[in-house]
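Q: Residue numbers (full-length UniProt numbering): 1 to 301. From the three backbone atoms N, C-alpha and C, an ideal C-beta is built for every residue, glycine too. All of these numbers come straight from a predicted model, not from anything done at the bench.
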């Protein structure tokens, strides 16, 4: 890629790819709402340093691959979000059946988050817990646009389906090394995915809120518009319901984030459950304690 040229950064799930133009990245857009969400950004002034950094972390055939934990968040500089109308517009000649028409060799560079199994992903490129709200919102809006603009029948089915979210937080020391855990299920009890996020050193209440936020964001990214959240933290449940006052600054900010995400659902309910009915989310939270701050493990079943 020539120095100074524009380029496009495409994120699909935990894989990020860099392309020369929009037409080259269209094959990454998928019609399934259960597939990973897609977001597209435009970068300017490609530099030799970017290429050198990527290549220094491994070269496969002509493809660059890098673990997301090694990625410098400032590597690409300022990125401009692209709407999915830009990506799938009629003038682009987009293949409307959305089948992959380009081989993997069409990538200029591919950043791989380091899959440890067919259905397990490690994500640290975008730190959902610490990212600026604008970035998180752009990614969610991109995912929603994808579900609205393509694959309408499947999107409609997911929009009407009820997602059951189990969430829990864990902290050793309170405050101490902490983790957030979440479980997304269908209404009939089928597990969609298990989520664990490392949080660094925070209190147990913060970890509980982070777990709820983690689950809500993933539910939105997977196309769900109706959700029933269940957790064993009475404080979080009562504060989100508006029945308990918010006094601590951290709780105020976290509850505000939850309320912003609530607006993206057509139906939202949160309820308190006993710990014995939240053991799966508790297990995910305890696994998350051993993860790096911001690292998310996503396991699909």
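1) Can you tell me which of the three DSSP states residue 217 falls into?
2) Can you tell me which of 44, 241, 200 and 259 puts its alpha carbon nearest to the alpha carbon of residue 296?
3) Near residue 244, which residues of its chain fall below 8 Å by C-beta distance, leaving aside the five closest residues on each side in sequence?
4) Kindly list the residues whose CB is nearer than 8 Å to the CB of residue 291, restricted to its own chain and excluding five residues on each side of it in sequence; keep chain order.
5) Could you have a look at residue 289 and say whether DSSP puts it in helix, strand or coil?
6) Is it true that the CB of residue 280 sits closer than 8 Å to the CB of residue 166?
7) Give me the DSSP bridge partner(s) of residue 276.
8) If residue 164 sits next to residue 228, beta carbons under 8 Å apart, how far is it from one beta carbon to the other, in whole angstroms?
9) In terms of residues, what are the limits of the beta strand (DSSP E) holding residue 168?
10) DSSP has residue 228 in a bridge; who is on the other side?
11) When you compare the CB positions of residue 225 and residue 266, do they come within less than 8 Å of one another, or not?
12) Going by C-alpha to C-alpha distance, which of 2, 21, 233 and 79 sits closest to residue 51?
13) Express the C-alpha separation of residue 19 and residue 45 in angstroms, rounding to a whole number.
14) If you draw a straight line from the C-alpha of residue 162 to the C-alpha of residue 187, how long is it?
15) What are the boundary residues of the alpha helix (DSSP H) that residue 297 is part of?
16) With C-beta atoms as the reference, is residue 211 less than 8 Å away from residue 242?
17) For residue 262 and residue 48, what's the separation of their Cα atoms in angstroms?
18) Closest to residue 202 by CA distance: which of 43, 6 and 289 is it?
19) Taking all protein chains shown into account, do 16 or more other C-beta atoms lie within 10 angstroms of the C-beta of residue 160, making it buried, or fewer, making it exposed?
20) Alpha carbon to alpha carbon, how far is residue 293 from residue 207?
21) Please classify residue 278 as buried or exposed, where buried requires at least 16 other C-beta atoms within 10 Å of its C-beta.
22) Per DSSP, which residues does residue 193 bridge with? Please list them.
23) Quick one, are the C-beta atoms of residue 21 and residue 41 less than 8 Å apart?
24) Once you ignore the five residues that flank residue 233 on each side, which residues in its own chain have a CB closer than 6 Å to its CB?
25) Excluding the 5 residues flanking residue 4 on each side, which residues of the same chain have their C-beta closer than 7 Å to its C-beta?
26) Rounded to whole angstroms, what is the Cα-Cα separation between residue 190 and residue 274?
27) What I want to know is whether the C-beta of residue 188 ends up closer than 7 Å to one or more non-hydrogen atoms of the ligand SAH.
28) Could you tell me which residues DSSP pairs with residue 178 in its beta bridges?
A: In short, the structure shows the following:
1) Along the chain shown, read from residue 1 onward, the residue named residue 217 stands at position 217. Helix.
2) Within the chain shown, residue 296 is the residue found at index 296, counting from 1. Nearest option by C-alpha distance: 200.
3) Along the chain shown, one-based indexing puts residue 244 at 244. Excluding residues within five positions, the ones whose Cβ falls inside 8 Å are 235 and 238.
4) Here residue 291 corresponds to residue number 291 of the chain shown, with the count starting at 1. Answer for residue 291: 179, 196, 197, 198 and 297, listed in chain order.
5) Within the chain shown, residue 289 is the residue found at index 289, counting from 1. It is coil, neither helix nor strand.
6) Walking along the chain shown from the start, residue 166 turns up at place 166. Walking along the chain shown from the start, residue 280 turns up at place 280. The answer is yes: Cβ separation under 8 Å.
7) By one-based count along the chain shown, residue 276 stands at place 276. DSSP output for residue 276 lists no bridge partner at all.
8) Counting from 1 along the chain shown, the entry for residue 164 is found at position 164. Counting from 1 along the chain shown, the entry for residue 228 is found at position 228. Going by Cβ atoms, the distance from residue 164 to residue 228 rounds to 5 Å, so yes, they are a contact pair.
9) Counting from 1 along the chain shown, the entry for residue 168 is found at position 168. It spans 162-172 - the beta strand (DSSP E) in which residue 168 sits, taken as one unbroken run.
10) Numbered from its first residue, the chain shown carries residue 228 at position 228. Partner(s): 164 and 269.
11) In the chain shown, residue 225 corresponds to position 225, counting from 1. In the chain shown, residue 266 corresponds to position 266, counting from 1. In contact: residue 225 and residue 266 (Cβ atoms closer than 8 Å).
12) Taking the first residue of the chain shown as position 1, residue 51 is located at position 51. When each option's Cα is compared against that of residue 51, the closest is 2.
13) Taking the first residue of the chain shown as 1, we reach residue 45 at position 45. Taking the first residue of the chain shown as 1, we reach residue 19 at position 19. Taking the straight line joining both Cα atoms gives about 13 Å.
14) The count along the chain shown starts at 1 and reaches residue 162 at position 162. The count along the chain shown starts at 1 and reaches residue 187 at position 187. For residue 162 and residue 187, the distance between alpha carbons rounds to 6 Å.
15) As a first step, residue 297 must be located in the chain shown, where it is residue number 297. Looking at the DSSP string, residue 297 is not in any alpha helix (DSSP H); the run it does join, the beta strand (DSSP E), is 296-300.
16) One-based indexing of the chain shown puts residue 211 at position 211. One-based indexing of the chain shown puts residue 242 at position 242. No, Cβ-Cβ distance for residue 211 and residue 242 is not below 8 Å.
17) Position 262 of the chain shown, counting from 1, holds the residue named residue 262. Position 48 of the chain shown, counting from 1, holds the residue named residue 48. Approximately 43 Å, taken between the alpha carbons.
18) Looking up residue 202 in the chain shown gives position 202. Nearest option by C-alpha distance: 289.
19) Walking along the chain shown from the start, residue 160 turns up at place 160. Result: exposed.
20) In the chain shown, counting from the first residue as 1, residue 293 sits at position 293. In the chain shown, counting from the first residue as 1, residue 207 sits at position 207. Approximately 12 Å, taken between the alpha carbons.
21) Indexing the chain shown from 1 puts residue 278 at position 278. Counting Cβ neighbours within 10 Å, residue 278 comes out buried, since at least 16 surround it.
22) Locating residue 193 in the chain shown gives position 193, counting from the first residue. Residue 193 is bridged to 184 and 300.
23) For this step, residue 21 is matched to residue 21 along the chain shown. For this step, residue 41 is matched to residue 41 along the chain shown. Contact flag unset, no.
24) In the chain shown, the residue the question calls residue 233 occupies position 233. Excluding positions up to five away in sequence, the list reads 208.
25) The count along the chain shown starts at 1 and reaches residue 4 at position 4. Within the same chain, residue 4 has close Cβ partners 45 and 46.
26) Reading the chain shown from its first residue, position 190 is the one you call residue 190. Reading the chain shown from its first residue, position 274 is the one you call residue 274. The alpha-carbon atoms of residue 190 and residue 274 are separated by roughly 21 Å.
27) By its list of ligands, the structure shown contains no ligand whatsoever, and the ligand SAH lies outside what it can speak to.
28) Position 178 of the chain shown holds residue 178. Per DSSP, 171 and 200.
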